[in-house]
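**Student:** Structure incoming, see below.
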Amino acid sequence: MALVNAIIVGFIAKGLVLLIALFTQLSFFGRFSFHEVSPSENSLGYWIVLIPSLGGLIVGIMARFGSPAIRGHGIPEALEKIAKGESKIHPLITILKPLSAAVSIGTGGPFGAEGPIISTGGALGSFCGQTLHITAQERKVLLAAGATAGMTAIFGTPFAAILLAIELLLFEFSSRSFIPVMIACVTGACMHFLLFEVTPTFPMPEIGQASTGAIVAYSIIGLIIGFASVIVTKAIYIVEDLFERLPIHWMWWPALGGIAVGAIGIFAPDTLGVGYQNITHSLSGQLSISLLVSLCFWKFISWAIALGSGTSGGTLAPLLTIGSSLGCLLGMLGQYYFPEVNIMLPLAALVGMAALFAGAARALLTSIVFAMETTMQESTLLPLIAGCVASYLVSFIFMKTTIMTEKIHRRGIRLPDSYYPDLLETQSIRDIMVLENKTPLVSGALTIGNVKALFQENRAAYAHNVFIVVDDITQEKIGVISKEALFRPTSDDANPVQSLIRHKLPSLYSDNSLQLAVEFILKTGQDTLSIEDRASRKFLGVVSSRDILHVFEQRLKEENNKEKHIYMSAKARSVLRNGVNLLRKKS
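For the sequence shown, UniProt numbering gives the first residue as 1, with consecutive numbering after it.
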């Protein structure tokens with residue numbers, strides 16, 4: 001199903017690109033043509049203000065009477081459905097999202113095609129999952145496979161798409177998810193080569209190996225762009241908050257945002273539309289400073305207003321455009337003040353492009369591999385790692401959320417930002433079980449009063465407040481009784497102690513995992529399990545839910561002790577603490 005969906009998404013991606021070209025031709029040139037053209041080449045003058053506004057109005061009506069889920073860039077909505085909605089996305093999104101995005105971008109919206117197609121692919125995968133009546137976990141995998149197939153179909157970046165799924169969509173690291181996603185990405189790449197091109201998406205001059213001094217310079221560029229990623233992310237949601245305060249229905253917001261987009265397009269026409277050619281020009285290192293400033297500043301303003309207004313669009317292409325322009329500008333400054341370092345402007349632009357994506361989306365590996373795959377420049381690996389890591393660190397320290405997660409974070413939905421080994425799978429029962437010499441055995445024929453007396457006489461033997469009841473004849477372990485059950489007011493001291501047993505004591509082996517122990521506790525309703533040696537079947541001890549929880553308590557204490565020895569900002573400590581608490585709750 002992942003493979004079939006990827007083929008369908010590939011054709012949808014091609015259809016979306018053709019629709020964008022058609023609406024661009026109709027809106028700015030009055031021609032019925034599917035030939036790709038940039039809106040910046042129009043000759044409409046001041047009338048250009050009305051076109052993005054009209055497109056925004058159409059999108060607002062589609063969202064109002066179709067589905068509000070088409071608003072925005074789609075990834076936060078997909079994350080929300082994965083986290084809380086069992087990965088169920090309304091099938092209507094498969095049609096409305098690409099259509100609304102084509103209208104928005106074709107009328108000058110400063111977005112790229114990749115965001116809508118990622119959202120559309122995810123919706124298609126979710127729809128197929130709902131049709132097949134599979135589990136929520138399997139539906140999540142199909143959603144991620146469809147989304148990453150869409151990204152690959154547009155950019156031809158299968159490996160980066162796989163990493164995107166791991167870092168942003170799957171929230172797990174296992175082959176059961178990787179294999180369908182990989183199949184979808186390979187298929188999406190084949191569709192890209194079939195329907196689009198086999199050349200690099202963003203061609204750039206051949207890059208040689210960077211020197212040590214240049215790598216340091218690219219790290220500094222990444223560091224500066226890390227602060228830019230914080231500003232960009234916060235600005236997007238500040239604009240969104242301002243629109244929330246307007247005393248009119250949200251259906252009209254995209255039209256208002258479109259007026260600003262059109263106004264900026266009058267004196268900065270290169271900010272209109274997809275603008276993939278702007279990224280290629282920045283990576284050439286031959287753009288003028290004025291044009292770079294225009295792409296960097298005015299593209300950001302136009303995009304922030306348009307996306308904040310709730311129109312249908314994406315984030316990746318604007319981030320790449322702004323990042324590459326800013327990186328090229330910083331490279332020019334480096335060349336002027338430090339000519340001996342040998343900074344290459346195309347490489348500075350590429351580092352800026354990837355670093356802004358890494359900082360804003362917090363997708364470190366994806367951003368590095370994406371930049372390499374779209375340019376097919378293997379020698380850029382070290383500078384990309386240096387710049388993206390620097391940007392990521394700044395973002396991690398100064399932002400609690402990302403441009404992808406801020407919206408759903410405000411709705412009270414928390415998403416994991418890292419992967420930890422599963423303690424339940426990596427630890428065996430023998431590591432935490434209470435040994436036999438600390439778990440007393442009592443005869444089932446004894447009365448409740450007799451056992452109470454034993455408790456009173458030898459408290460040390462009952463330090464764990466549980467004991468195992470054995471059959472007098474067979475010496476088989478027939479149950480476990482807690483101190484609370486023994487001293488319950490309703491218990492009659494004259495009754496045999498085995499009358500307190502409600503269920504037979506389940507047994508596991510000492511080399512079983514804690515995961516299996518938890519499953520037995522949940523399945524049987526018993527709080528305590530009997531543990532035996534696998535070879536001799538000899539009774540070794542018991543393990544309880546309290547013992548298992550103690551494992552997580554120890555992990556939390558270890559993390560807290562580390563904090564005392566590592567200097568971290570208040571926000572970074574908060575992020576660490578929240579991560580540990582999230583792990584504890586999840587487990």
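The C-beta atom is built at its ideal place from N, Cα and C for all residues, glycine as well.
Starting from Phe196, trace the beta strand (DSSP E) in both directions and tell me its first and last residue.
**Tutor:** Numbered from 1 along the sequence shown, position 196 holds the residue referred to as residue 196. Segment: none, Phe196 is in no beta strand (DSSP E) and carries neither H nor E.
**Student:** Given this structure, state the Cα-to-Cα distance separating Gly109 from Ser43, to the nearest angstrom.
**Tutor:** What you label residue 109 is simply residue 109 of the sequence shown in a count that begins at 1. What you label residue 43 is simply residue 43 of the sequence shown in a count that begins at 1. Approximately 17 Å, taken between the alpha carbons.
**Student:** Should Tyr218 be labelled buried (16 or more other beta-carbon atoms within 10 Å of its own) or exposed?
**Tutor:** The residue you call residue 218 lines up with position 218 of the sequence shown. Under this definition Tyr218 is a buried residue.
**Student:** Output needed for Ile48: all residues of its chain with C-beta closer than 7 Å, excluding positions within five of it in sequence on either side, in chain order.
**Tutor:** Here the question's residue 48 lines up with position 48 in the sequence shown. Excluding positions up to five away in sequence, the list reads Asn42, Gly262, Gly265, Ile266.
**Student:** Applying the 10 Å Cβ sphere with the 16-neighbour rule, what's the burial state of Tyr276?
**Tutor:** Taking the first residue of the sequence shown as position 1, residue 276 is located at position 276. So Tyr276 ends up on the buried side.
**Student:** Are the Cβ atoms of Gly314 and Trp253 separated by less than 8 Å?
**Tutor:** Numbered from its first residue, the sequence shown carries residue 314 at position 314. Numbered from its first residue, the sequence shown carries residue 253 at position 253. Not closer than 8 Å, so no.
**Student:** Count the other CB atoms within 10 Å of the CB of Gln25; is the residue buried (16 or more) or exposed (fewer)?
**Tutor:** For this step, residue 25 is matched to residue 25 along the sequence shown. Classification for Gln25: buried.
**Student:** Cutting at 6 Å between CB atoms, please list the residues of its own chain near Leu292, excluding the five before and the five after it.
**Tutor:** Against the sequence shown, residue 292 aligns to sequence position 292. Cβ within range, chain order: Ser325, Cys328, Leu329.
**Student:** Mind checking Lys564: buried by the 16 CB within 10 Å criterion, or exposed?
**Tutor:** Sequence index remark: in the sequence shown, residue 564 carries index 564 (1-based). Low per-residue confidence applies at Lys564: pLDDT is 48, beneath 50, and the placement is therefore not dependable, though the value from the model is reported in the following sentence. Looking at its Cβ environment, which holds fewer than 16 other Cβ atoms inside 10 Å, Lys564 is exposed.
**Student:** Going by CA-CA distance only, name the one from Gln137, Lys523, Ile8 that's closest to residue 588.
**Tutor:** No information on residue 588 is available, as it lies outside the stretch 1 to 587 that the chain covers here.
**Student:** Check whether the Cβ atoms of Met182 and Ala6 lie closer than 8 Å to each other.
**Tutor:** If you number the sequence shown from 1, residue 182 lands on position 182. If you number the sequence shown from 1, residue 6 lands on position 6. No.
**Student:** Kindly indicate which three-state DSSP category Glu532 falls into: helix, strand or coil?
**Tutor:** By one-based count along the sequence shown, residue 532 stands at place 532. If DSSP states are grouped into helix, strand and coil, Glu532 belongs with the strands.
**Student:** Going by beta-carbon coordinates alone, are residue 613 and Phe370 separated by less than 8 Å?
**Tutor:** Outside the shown range of the chain, which is 1 to 587, sits residue 613, and nothing can be said about it.
**Student:** Give me the Cα-Cα distance between Ser284 and Asn278, rounded to the nearest whole angstrom.
**Tutor:** The residue given as residue 284 occupies position 284 in the sequence shown. The residue given as residue 278 occupies position 278 in the sequence shown. If I take the Cα positions, the gap works out to 10 Å.
**Student:** Return the residue from the list Val394, Pro346, Thr405, Ala355 that minimises the CA-CA distance to Gln377.
**Tutor:** Numbered from 1 along the sequence shown, position 377 holds the residue referred to as residue 377. Closest option to Gln377, Cα to Cα, is Pro346.
**Student:** For Val103, which residues from the same chain have a beta carbon less than 7 Å from its beta carbon, with the 5 sequence-adjacent residues on both sides left out?
**Tutor:** For this step, residue 103 is matched to residue 103 along the sequence shown. The residues are Phe23, Gly55, Ile58, Val59.
**Student:** Report the three-state DSSP secondary structure of Glu563 (helix, strand or coil).
**Tutor:** The residue you call residue 563 lines up with position 563 of the sequence shown. Because Glu563 carries a pLDDT of 49, less than 50, the predicted location of this residue cannot be relied on, and the following value inherits that uncertainty. Three-state DSSP puts Glu563 in a helix.
**Student:** Just to check my reading of the structure: Asp472 and Gly444 have Cβ atoms closer than 8 Å, yes? What is that Cβ distance to the nearest angstrom?
**Tutor:** Along the sequence shown, read from residue 1 onward, the residue named residue 472 stands at position 472. Along the sequence shown, read from residue 1 onward, the residue named residue 444 stands at position 444. So it is a contact: roughly 6 Å between Cβ atoms.
**Student:** Express the C-alpha separation of Asp511 and Phe552 in angstroms, rounding to a whole number.
**Tutor:** Within the sequence shown, numbered from 1, the residue matching residue 552 stands at position 552. Within the sequence shown, numbered from 1, the residue matching residue 511 stands at position 511. Cα to Cα, Phe552 sits roughly 19 Å from Asp511.
**Student:** Between Ala123 and Ile162, is the Cβ-Cβ spacing less than 8 Å?
**Tutor:** Taking the first residue of the sequence shown as 1, we reach residue 123 at position 123. Taking the first residue of the sequence shown as 1, we reach residue 162 at position 162. Not in contact: Ala123 and Ile162 (Cβ atoms no closer than 8 Å).
**Student:** Near Ser302, what residues of its chain come up, given a Cβ to Cβ distance below 6 Å and the 5 sequence neighbours on each side ignored?
**Tutor:** In the sequence shown, the residue the question calls residue 302 occupies position 302. The residues are Pro110, Val261, Ile264, Thr271.
**Student:** If we count the other Cβ atoms within 10 Å of its Cβ and call it buried at 16 or more, is Leu164 buried or exposed?
**Tutor:** Translated into positions along the sequence shown, residue 164 becomes position 164. Buried, since its Cβ has 16 or more Cβ neighbours within 10 Å.
**Student:** Thinking C-alpha only, which one of Thr490, Asp547, Lys538 is nearest Val518?
**Tutor:** Sequence index remark: in the sequence shown, residue 518 carries index 518 (1-based). Considering only alpha carbons, the answer is Asp547.
**Student:** Return the residue from the list Thr321, Ser119, Pro98, Thr107 that minimises the CA-CA distance to Pro76.
**Tutor:** Taking the first residue of the sequence shown as position 1, residue 76 is located at position 76. Nearest option by C-alpha distance: Ser119.
**Student:** So what's Phe297 in DSSP terms, helix, strand or just coil?
**Tutor:** Here residue 297 refers to the residue found at position 297 when the sequence shown is read from its first residue. Residue state, collapsed to three classes: helix.
**Student:** By the three-class DSSP mapping on this structure, what secondary structure does Pro158 have?
**Tutor:** By 1-based counting over the sequence shown, the position of residue 158 is 158. DSSP places Pro158 in helix when its eight states are reduced to three.
**Student:** Hey, how far is the Cα of Ile432 from the Cα of Leu143?
**Tutor:** Taking the sequence shown and counting its residues from 1, the one referred to as residue 432 is at position 432. Taking the sequence shown and counting its residues from 1, the one referred to as residue 143 is at position 143. If you take the alpha carbons of Ile432 and Leu143, they lie about 39 Å apart.
**Student:** Which same chain residues, not among the five before or five after Val232, have their C-beta less than 6 Å away from its C-beta?
**Tutor:** Reading the sequence shown from its first residue, position 232 is the one you call residue 232. These residues qualify, in order along the chain: Ala360.
**Student:** Taking DSSP as the reference, what is the three-state secondary structure of Thr212?
**Tutor:** For the purposes of this step, residue 212 is identified with residue 212 of the sequence shown, where counting begins at 1. Helix, per DSSP.
**Student:** Should Ala145 and Ala2 be called a contact, given that it needs their Cβ atoms to be closer than 8 Å?
**Tutor:** For the purposes of this step, residue 145 is identified with residue 145 of the sequence shown, where counting begins at 1. For the purposes of this step, residue 2 is identified with residue 2 of the sequence shown, where counting begins at 1. Their beta carbons are under 8 Å apart, which means Ala145 touches Ala2 by this criterion.
**Student:** For Leu441, write down the residues that DSSP places opposite it in a beta bridge.
**Tutor:** For the purposes of this step, residue 441 is identified with residue 441 of the sequence shown, where counting begins at 1. In the DSSP output, where bridge partners are listed per residue, Leu441 has Ile468.
**Student:** Tell me the residue span of the alpha helix (DSSP H) that contains Leu514.
**Tutor:** Numbered from 1 along the sequence shown, position 514 holds the residue referred to as residue 514. Here the alpha helix (DSSP H) through Leu514 covers 514-524.
**Student:** Return the residue from the list Phe173, Ser428, Ile225, Phe467 that minimises the CA-CA distance to Leu441.
**Tutor:** To locate residue 441, count along the sequence shown from 1; it is residue 441. Measuring from the Cα of Leu441, the nearest candidate turns out to be Phe467.
**Student:** Tell me which residues share the same chain as Glu172 and place their Cβ nearer than 7 Å to its Cβ, disregarding the 5 neighbours each side in the sequence.
**Tutor:** The residue labelled residue 172 in the question sits at position 172 within the sequence shown. Contacts found: none.
**Student:** Under the rule that 16 or more other beta-carbon atoms within 10 Å means buried, what is Leu549, buried or exposed?
**Tutor:** If you number the sequence shown from 1, residue 549 lands on position 549. Under this definition Leu549 is an exposed residue.
**Student:** Jot down the residue ranges of each uninterrupted alpha helix (DSSP H) in the stretch 272-344, minimum 4 residues, whole runs only, in chain order.
**Tutor:** Counting only runs of 4 or more, we get 276-284, 289-293, 299-308, 316-337.
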